[in-house]
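S.K.:
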């Protein structure tokens, strides 16, 4: 057995390997697939014969120290329907040729840590495990429709353009992780549409240069793991956790995404919506998203102890239009969002929402979202009274010109606060609420003043009290006298000249007290109006 001299092939190659060697030199696709579709399925249990098998060491030899291309050709490794035996180990190597593997089957794991590629494409391949920490590509890394049995590791990988893993099926490794890509950097898009994962997808500290798309994907957590664990994730444009329209035309298994995934706004004839589904906790804490986080029609299935955690995320727009999260919690504490687009039916009930320190500037409700539902939204986030969510909502409503709704929110805040007060203060609060609604409904105060003035005027008109002094008093005027008692501080020239005895004296005292109460609450409401102005 001898090694190749110049560009000659080794004499120890099998017939299948010799054909691959020649195809590499002329850059053509080496196709060992058959006419039987069942025999071409790399995921089927049927074995492939030796006539369709090549050794991983031969592939490594071609990629790391392969022969020169034939004149007028570009050397490239393009395989279809080939079984690769042994372990393909290219760790630390620099691979200059273009690599494309279609519907191939690997016997053992693929080992690529710290290797450098131009472009690497593996489409519809069966891979036991992909170990590619600190992988570097100048161009794309494509893994669409592959099936990986023991997880993918892309920790600290650097992808020069796009990372495409749409329609991939990944099972967990021994630690319960399906995809581990902490610290990964993708210069452009990460397309992960319609993927199926059965362990944690970890993207801690990852950076995506354009958008991250998870349209129509289904993520399932392994035991004691999250389904998506991506704190400090940075996406320059948008994160899509939405549905995908799928049909024979838009989702043909023989097509390579993105053409294999439909994301049209209007459904085409014969299409079905495959929603984004997540079974397990989601952690996007401290994430930065340049355009939006879109959760349109997404489904989150959480255990009571799990969370959809959006703590301290920063994005111009959050589209929270998913189905209602029945169990677990949605956490928005510390998040900073400019525009919140949401539906009344998306938010969880009491105890299922936390948003302390949640800052948003605009509310764009999708569909019918009355104020009473918005108040229930705030109440669900505050099992124990907290003024901050009420004040934030009131400020946003006021900034959008909805002053009446803003006053209703602040009134609801006072009523929640009243529940925390001692008995005496609580009774005083009920009185203020019943009379003038804590000053947030000044028209009610004017009505009470008018009623008391009219009733007291009629009463004093039937009973003219004697003067305290025989002379030097003004003419008796029951309307002015009642108003003088009712309005504190101001003197209208009637009080102090007439002698009230018995029940009339008590009636005047009650009128004075009610006047002080009404005046105090009206003054409080006026001060709030001035502060809002």
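Numbering (the numbering used here), first residue to last: 828 to 1360.
All C-beta atoms in this analysis are idealised placements derived from N, C-alpha and C, irrespective of residue type, glycine included.
Reducing DSSP to helix, strand and coil, say where residue 1212 ends up.
M.R.: coil
S.K.: What residue range is occupied by the uninterrupted alpha helix (DSSP H) comprising residue 1239?
M.R.: 1230-1245
S.K.: Compare the C-alpha of residue 957 against each of 1043, 918 and 1073 and name the closest.
M.R.: 918
S.K.: Going along the chain, which residues of its own chain have a beta-carbon closer than 6 Å to the beta-carbon of residue 795, five neighbours each way excluded?
M.R.: A query on residue 795 cannot be resolved here, the shown segment of the chain reaching from 828 to 1360 and no further.
S.K.: Leaving out the 5 sequence neighbours to the left and right, which residues in its chain are closer than 7 Å to residue 955 when beta-carbon positions are compared?
M.R.: 933, 935, 936, 976 and 977
S.K.: Could you pull out every unbroken beta strand (DSSP E) segment of at least 3 residues lying fully inside the segment 1155-1201, listed in chain order?
M.R.: 1156-1158, 1163-1169 and 1186-1192
S.K.: Going by beta-carbon coordinates alone, are residue 1054 and residue 1108 separated by less than 8 Å?
M.R.: Cβ atoms of residue 1054 and residue 1108: closer than 8 Å.
S.K.: Which same chain residues end up closer than 7 Å to residue 1341 when comparing Cβ atoms and leaving out the 5 residues on each side of it in sequence?
M.R.: Annotation for residue 1341: 1279 place their beta carbon closer than 7 Å to its own, counting only its chain and skipping 5 residues before and after.
S.K.: On a Cα-Cα basis, can you pick out the residue from 1335, 921, 1002 and 1018 that is closest to residue 968?
M.R.: Relative to residue 968, the option among 1335, 921, 1002 and 1018 whose CA is nearest is 1018.
S.K.: How many angstroms separate the CA atom of residue 1174 from the CA atom of residue 1152?
M.R.: For residue 1174 and residue 1152, the distance between alpha carbons rounds to 7 Å.
S.K.: For residue 949, which beta-bridge partners are listed by DSSP?
M.R.: 928
S.K.: Quick one: what's got a C-beta closer than 7 Å to residue 866's C-beta in the same chain, skipping five residues either side?
M.R.: 873
S.K.: What do you get for residue 1065, buried or exposed, if any count of 16 or more other CB atoms within 10 angstroms of its CB means buried?
M.R.: The residue in question, residue 1065, is buried, as its Cβ has 16 or more Cβ neighbours within 10 Å.
S.K.: Nearest by alpha-carbon distance to residue 1002: which of 858, 1156, 1245 and 1026 is it?
M.R.: Per the Cα distances, 1026.
S.K.: Between which two residues does the beta strand (DSSP E) containing residue 1099 stretch?
M.R.: Where residue 1099 is concerned, the enclosing beta strand (DSSP E) stretches over 1099-1101.
S.K.: Would you give the residue range spanned by the beta strand (DSSP E) that residue 880 belongs to?
M.R.: Here the beta strand (DSSP E) through residue 880 covers 880-882.
S.K.: For the segment 937-950 and the segment 853-865, state whether three or more C-beta atom pairs, one from each stretch, are separated by less than 8 Å.
M.R.: no
S.K.: Tell me which residue opens and which closes the alpha helix (DSSP H) that residue 1127 is part of.
M.R.: Element bounds for residue 1127: not the alpha helix (DSSP H) but the beta strand (DSSP E), 1126-1128.
S.K.: Expressed to the nearest angstrom, what Euclidean distance is found between the alpha-carbon atoms of residue 1282 and residue 1258?
M.R.: For residue 1282 and residue 1258, the distance between alpha carbons rounds to 20 Å.
S.K.: Taking 6 Å as the limit between beta carbons, can you name the residues of its chain near residue 1190, skipping five residues before and five after?
M.R.: Correct list, in chain order: 1167 and 1223.
S.K.: For the segment 1012-1081, list the beta strand (DSSP E) runs that are entirely contained and at least 3 residues long, ordered along the chain.
M.R.: 1027-1029, 1045-1047, 1065-1067 and 1071-1073
S.K.: Under the assumption that residue 1022 contacts residue 992 (Cβ atoms under 8 Å), give the Cβ distance between them as a whole number of angstroms.
M.R.: 6 Å
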